[in-house]
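In my numbering, the protein residues as written are 419 to 570.
For each residue, glycine too, the CB sits at the ideal point set by N, CA and C.
Bear in mind the structure is a predicted one, so any value in this text is a computation, not a measurement.
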């Protein structure tokens, strides 16, 4: 029984401590833990919202990047098409210049062939007309260079 009395005395002495502890707990809960929980909940909500916003911004940036890359591909294709057009025009111009130069060269060759042909004909006619005279001169020179009594 003595133990019970001691426990009862201890219990009665601890009641103010228990009450102080409960008051302190309720005070801390009302003034510290609840506001802290509210702040943490609000922080988590803001973090989640910020993540959603960041994902939306990333998606928008990805869309803009894809649109930019598509526009860049189209621009490159346009430039390549334009370059190909310019190259084809240059090739056509070059071919035209070559045809003109070839035509001029062929005309020059034709005229020179005609001139050479005319010169050849004139030289042949001159040789034909002078060949008789030259033959006579050659025969005369041969006969004059031989002594009269020399018969070979």
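The continuous alpha helix (DSSP H) containing residue 466 extends over residues 452 to 563. In this chain, the alpha helix (DSSP H) harbouring residue 427 covers 420 to 446.
Rounded to the nearest whole angstrom, the C-alpha separation of residue 440 and residue 482 is 60 angstroms. Residue 501 and residue 516 have their C-alpha atoms some 22 angstroms from each other.
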